[in-house]
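Trainee: Chains as they are written, first to last, in numbering that gives the first Met the number 0: chain A, 0 to 340; chain B, 0 to 318; chain C, 0 to 241. Before I ask anything, let me first share the structure, which is written out below as structure tokens.
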Amino acid sequence: MRILELIGGNEDIGRGPLFWLPFALVVAAFLAAPAWLTEFEAYNISFYLLNIPMALGLCLLWGYCGVLSFGQVAYFGIAGYTYGIVAGNLVGLSWGPLAGSLAGLAAAAAVAAVFGYFVFYARVQMWIVPILTLVLTLLLETFLGQTAGYQWRVGSVQFGGYNGMTGIPSFQLGSHVFFGFSFFYYVLVLVLACYLGCRMLVNASWGKVLLAIREDALRTEILGYDIRFRQWATFVLAAVLAGVSGLLYVQWGNYITPTQVGLLQAALPVIWVAVGGRDKLLAVIFGTYALNWLNYSLSSQGNQYALVIIGGLLVAVMLFFPRGIVVSIAEFLSPRRRRSA
Amino acid sequence: MGLTGGLVPPVIAATGFGGERAMDELAVIASVLYQFGTNAAFLLLCALGLIVILGMMNIINLAHGELMMLGAYTATIAYQRGVPFWLSVVCAFVAVGIFGAILERLVVRRFYGRELGALVVTWGISLILAQGTLVLLGPFMPAIPIPGGNFAVGQYSFSGYWIGMIVVCAALIAALWWLYNRTEIGLHARATMQNATMARALGVNTDRIYMLTFSLGAGLAGMSGALLAPTTSIQPFMGQQFVAPAFITVVVGGAANVIAGALSSSLLLSLVKTPVGFLVGAFWGTVVLLLAALIIIRLIPDGISAAIQRWLERGARVR
Amino acid sequence: MNADSTSNGTLLEVEHLAKRFGGVVATDDVSLAIESGGVQCIIGPNGAGKSTFFSLLCGIQQPDAGRILFEGREITRLLPFARVRLGLGLTFQTNRTFGELSVRQNLAVPMALRSSEAEERYRYALELFELSEADEALAREIPHHQRQWLEILMVLAGGPRVVLLDEPTAGMSPEETSHTAKVLRHLNATGLTIVVVEHDIAFVREVAERVTVMHYGRIFADGPLADVTARQDVRDIYLGRA
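Structure below.
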């Protein structure tokens with residue numbers, strides 16, 4: 000079947016039974032969560048997992064396409080706040096959260112589409128993209144920060160300024176509300192779907208063209224491809240994935256603040272992706288999970304140096320493991336596999 | 000920025016120029032010019048260090064905001080110890096300049112040619128600097144009172160300090176121009192900017208030029224931070240407020256010509272920001288900046304300085 | 000014979016094309032017609048504007064004046080990728096294959112818009128250039144002449160009507176050059192229009208039907224191979240006497 004073929008391809012780490020067997024085991028272990036995890040632990044792990052789609056999007060954009068965006072958290076926030084507004088106004092209706100989710104994704108996609116148009120169709124030099132995406136997210140934070148006050152609301156939902164939007168409804172399908180273990184499963188399934196979907200994408204011809212654009216955009220154009228469209232489309236896709244993470248976040252914690260789109264938060268996806276290995280999806284999954292776990296472990300122990308350590312980790316990785324820790328390990332372990340950069 | 004607005008009781012208008020009416024109109028003009036000048040000065044101060052580094056090494060230093068913060072902290076600490084303000088600013092320039100040189104030697108130089116890598120690693124550094132400062136020095140520092148007083152024209156108040164800063168900016172531009180165009184080291188720097196390999200082949204120590212340039216860029220950032228310190232609160236994340244304006248100015252100016260880019264970009268963006276900020280408020284002024292930047296790069300993707308360069312070359316005809 | 004080309008029609012044409020970079024005139028009032036189904040060689044000393052001419056044809060650079068026509072249709076303002084989709088192909092003067100990608104990946108990238116004749120040409124060249132679509136070697140690791148061939152193959156994979164080859168045999172040994180010429184001749188015989196910039200006179204003689212000489216951005220001479228290469232003033236340019 001074509002789908003299986005696409006999932007099984009070369010452009011990500013791991014193929015064949017040697018990979019898929021352990022992969023299936025890990026997934027099975029997660030699925031058997033109630034047997035060995037407390038609900039609180041599952042709650043925490045949900046948080047590590049829900050950041051993965053955003054990281055996958057950045058991986059596609061940066062690792063595979065060569066476009067670095069520092070502002071993916073902007074779409075995280077846009078989706079989260081939009082969900083909060085729509086679902087919050089539709090409280091009591093069982094399809095409210097679903098509508099809110101779709102609205103959130105649509106909002107993220109729309110903003111990315113417009114912003115991306117200006118950036119990619121201008122054919123700017125590549126260093127400009129990180130700057131402009133960062134500026135956008137900083138402006139978003141400033142805007143959201145000054146929305147304190149009663150007049151800043153949509154329907155019955157307040158923005159809340161720097162205190163953020165609270166009381167955001169959990170996700171529900173029909174009459175089932177997702178929290179605790181059911182939320183954990185919901186996140187797991189979504190993250191798996193995103194990963195497999197991205198894997199199919201990179202193994203398909205779209206993925207090959209992305210690699211080509213990353214390597215030599217002019218050459219790719221002179222092979223007949225509309226580079227700007229491809230970059231724009233990948234940018235919008237990455238924004239939607241970031242939006243998925245944003246949705247899961249507000250459905251996990253039922254609140255969101257402007258800090259989620261601020262400078263510190265904006266650094267995190269870049270760090271997860273850079274440390275794991277930006278051009279391989281699986282590496283990014285490892286990196287995201289591990290660093291979120293590390294961050295939580297450090298901060299929950301009251302360690303003030305958490306972000307200093309993580310910043311230091313980023314610098315160290317950039318200096319000594321430029322391809323990322325997981326990718327370096329994977330390459331070391333499979334000598335026959337050629338570097339596909 | 001934005002220190003005008005009816006905060007000061009109206010001054011008795013001087014008659015003899017046609018009365019109060021003429022004085023009021025003069026005051027409005029003066030106020031608008033003042034806002035234009037201070038906005039441009041602010042953008043220039045934010046962006047100068049960044050553009051110097053970008054023009055030479057094609058690297059965007061994402062730790063720029065934190066270097067400004069370090070400058071502000073240095074000046075504040077010096078000032079608290081009794082050092083006169085202007086000398087504190089010089090201390091900031093020197094201290095952050097030295098820090099920049101160390102940073103270049105240890106980290107940045109490994110990323111020449113790898114622009115995106117440089118972006119990411121300088122971001123990591125900015126994280127370390129900001130968080131580190133928070134942990135080591137706490138969340139707040141005592142503020143520096145604005146030197147110089149206010150004076151009024153009509154119903155508008157003008158800060159002597161900001162006027163001074165406009166002058167300082169002009170002096171900085173002039174000094175940089177002199178450095179790049181009238182000194183030997185400036186000549187070496189320009190040669191390295193145009194063609195590093197060729198410059199090396201002609202005996203220019205490009206490694207040293209890179210280090211000195213990064214150091215200069217850092218020092219300028221530190222100085223800007225120190226100069227802007229009295230206008231804002233001193234805390235570890237203060238660099239953030241300068242990041243957006245700095246980057247927008249740099250993106251619009253481009254890297255083709257450092258001085259022309261910085262100057263023209265600040266002036267142009269101030270032209271856009273001043274009316275909006277005047278009418279609607281500072282935040283929307285910055286939003287308009289971003290919109291203007293998006294439109295400008297759509298039209299001139301490699302920045303204003305490159306357009307200026309092309310316009311200058313148009314006049315040159317061979318044959 | 001010429002299955003998918005309009006026989007004896009003009010495929011690609013430029014009228015009064017001009018391009019200046021700062022003070023340097025790269026292209027000076029160039030008018031040229033490239034016949035469908037032919038092989039045209041563009042020769043001239045370095046700096047004569049040959050590569051710039053190709054950039055203009057492909058849309059990488061925009062001309063200051065003049066028009067470019069493809070099958071009679073104006074394409075002067077058309078974006079490069081659109082021109083490629085119309086049937087234009089280009090290889091670059093300095094080899095531009097995807098160095099960090101494998102041969103397999105390189106060959107997987109081009110659009111497969113092939114007619115059956117184009118498919119045949121691609122397969123033929125693939126075999127004669129001794130490359131394999133399953134090769135995992137990185138493009139930067141294979142020998143130089145094979146990398147040149149790889150780029151030509153990538154262009155052929157898109158099924159173009161006309162290919163612009165910028166110094167394809169640069170750095171090749173005489174045997175490799177001759178082999179390239181042989182392959183190109185066969186491709187042309189199956190209907191592919193070829194325009195090639197070259198310095199190697201032996202190659203030009205083996206391949207060309209028409210020769211265009213460029214000098215200081217202008218067309219100095221244009222005509223059948225024998226006529227042009229016989230001219231004394233053409234030889235003078237090459238020997239630096241002009």
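From the three backbone atoms N, C-alpha and C, an ideal C-beta is built for every residue, glycine too. The structure displayed is predicted, hence computed values, not measured ones.
Would you list, in sequence order, the uninterrupted alpha helix (DSSP H) runs of no fewer than 4 residues that lie entirely inside the stretch 76-107 of chain A?
Mentor: none
Trainee: Asp215 of chain A CB to nearest chain C CB: under 7 Å?
Mentor: yes
Trainee: Can you tell which of C:Val203, C:Arg234, C:Val102 and C:Leu155 has its C-alpha closest to the C-alpha of Ser114 of chain C?
Mentor: C:Leu155
Trainee: Given Ser125 of chain B, which residues of its chain have a CB within under 7 Å of its CB, disregarding the five upstream and five downstream residues?
Mentor: These residues qualify, in order along the chain: Leu61, Ala62, Gly64 and Glu65.
Trainee: Roughly how many angstroms lie between the CA atoms of Gly190 of chain C and Ser35 of chain C, to the nearest whole one?
Mentor: 8 Å
Trainee: Please list, in chain order, the residues of the stretch 8-41 of chain A that have any C-beta partner in chain C closer than 7 Å.
Mentor: none
Trainee: So, with DSSP's three-state summary, where would you put Asn50 of chain A?
Mentor: coil
Trainee: What residue range does the beta strand (DSSP E) around Gly163 of chain B cover?
Mentor: Careful: Gly163 of chain B lies outside any beta strand (DSSP E), inside the alpha helix (DSSP H) at Gly159 to Arg181.
Trainee: CB-CB under 7 Å to Glu140 of chain A, same chain, minus the five flanking residues each way: which ones, in chain order?
Mentor: Pro257, Val260 and Gly261
Trainee: Which class does Arg297 of chain B belong to by DSSP, given the choice of helix, strand or coil?
Mentor: helix
Trainee: Excluding the 5 residues preceding and the 5 following Ala111 of chain C in the sequence, name in chain order all residues of the same chain whose CB lies nearer than 8 Å to its CB.
Mentor: Ala156, Gly157 and Gly158
Trainee: First and last residue of the alpha helix (DSSP H) that includes Phe320 of chain A?
Mentor: It is not in any alpha helix (DSSP H) - Phe320 of chain A carries neither H nor E in the DSSP assignment.
Trainee: Is Gly276 of chain B close to chain A? Criterion is C-beta to C-beta, closer than 7 Å.
Mentor: no
Trainee: With a threshold of 8 Å, are at least 3 pairs of Cβ atoms found where one atom belongs to the stretch 249-268 of chain B and the other to the stretch 282-301 of chain B?
Mentor: yes
Trainee: What number of angstroms, rounded off, separates the C-alpha of Val7 of chain B from the C-alpha of Leu263 of chain A?
Mentor: Reliability fails at Val7 of chain B, whose pLDDT of 34 lies under 50, so the model's placement of it is uncertain and no value is given.
Trainee: Let me know the secondary structure DSSP gives His198 of chain C once reduced to three states.
Mentor: It is coil, neither helix nor strand.
Trainee: Leaving out the 5 sequence neighbours to the left and right, which residues in its chain are closer than 6 Å to Gly48 of chain C when beta-carbon positions are compared?
Mentor: Ala25, Thr26, Met213 and Gly216
Trainee: Given that Ala243 of chain B touches chain A, what residues does it touch there, using C-beta distances under 7 Å?
Mentor: Val134, Leu137 and Leu138
Trainee: Three or more beta-carbon pairs under 8 Å between the stretch 233-249 of chain B and the stretch 46-54 of chain B, yes or no?
Mentor: yes
Trainee: Please work out which residues of its chain come closer than 6 Å, Cβ to Cβ, to Ala129 of chain B, disregarding the five sequence neighbours upstream and downstream, and give them in chain order.
Mentor: Contacts found: Glu65, Pro235 and Phe236.
Trainee: Leu278 of chain B: buried (16+ other C-beta within 10 angstroms of its C-beta) or exposed?
Mentor: exposed
Trainee: Measure from the C-beta of Pro229 of chain B to each C-beta in chain D and report whether the shortest distance is under 7 Å.
Mentor: Among the protein chains of the structure shown, namely A, B and C, there is no chain D.
Trainee: Please list the terminal residues of the continuous alpha helix (DSSP H) segment that includes Thr93 of chain C.
Mentor: Run containing Thr93 of chain C: none; DSSP gives neither H nor E here.
Trainee: Look up Asp221 of chain C in the DSSP assignment and say whether it is helix, strand or coil.
Mentor: strand
Trainee: Give the interface partners of Met199 of chain A over in chain B, defined as CB-CB distance under 9 Å, in chain order.
Mentor: Ordered by position in chain B, no residue passes the 9 Å Cβ test against Met199 of chain A, which lies about 26 Å from the chain.
Trainee: Would you kindly check if the distance between the Cβ of Ala203 of chain A and the Cβ of Leu5 of chain A is under 7 Å?
Mentor: yes
Trainee: Please name the residue, chosen from A:Ile51, A:Asn302, A:Ala105 and A:Asn43, that lies closest to Val269 of chain A on a Cα-to-Cα basis.
Mentor: A:Ile51
Trainee: Taking the alpha-carbon positions, what's the Gly223 of chain A to Ala81 of chain C distance?
Mentor: 7 Å
Trainee: Which chain C residues sit within Cβ distance under 8 Å of Arg218 of chain A?
Mentor: Phe91, Arg95, Thr96 and Phe97
Trainee: Count the other CB atoms, across all protein chains shown, that sit within 10 Å of the CB of Gly4 of chain B; report buried if there are 16 or more and exposed otherwise.
Mentor: At Gly4 of chain B, the pLDDT of 39 sits below 50, so the modelled position is not reliable and the matter cannot be decided from this model.
Trainee: Tell me which residues share the same chain as Arg318 of chain B and place their Cβ nearer than 7 Å to its Cβ, disregarding the 5 neighbours each side in the sequence.
Mentor: In this predicted model, Arg318 of chain B has a pLDDT of only 37, less than 50, meaning its place in the structure is not dependable enough to derive any value.
Trainee: Report the CB separation of Gln71 of chain A from Ala289 of chain A in whole angstroms; it is logged as a contact under 8 Å.
Mentor: Their Cβ separation, rounded to whole angstroms, is 19 Å, which puts Gln71 of chain A and Ala289 of chain A out of contact at 8 Å.
Trainee: Taking Ala282 of chain A as the query, report the chain B residues whose CB atoms sit under 8 Å from its CB, ordered along the chain.
Mentor: Per Cβ cutoff of 8 Å: no residues; Ala282 of chain A is ~16 Å from chain B at best.
Trainee: Against chain B, does Gly323 of chain A count as a neighbour if the rule is that its beta carbon must be under 7 Å from one of theirs?
Mentor: By this cut-off, Gly323 of chain A is not an interface position.
Trainee: Between the alpha carbons of Pro300 of chain B and Phe119 of chain A, how many angstroms are there, rounded?
Mentor: Rounded to whole angstroms, Pro300 of chain B and Phe119 of chain A show a C-alpha spacing of 10 Å.
Trainee: With a cut-off of 8 Å, do at least 3 Cβ pairs link the stretch 254-273 of chain B to the stretch 214-228 of chain B?
Mentor: no
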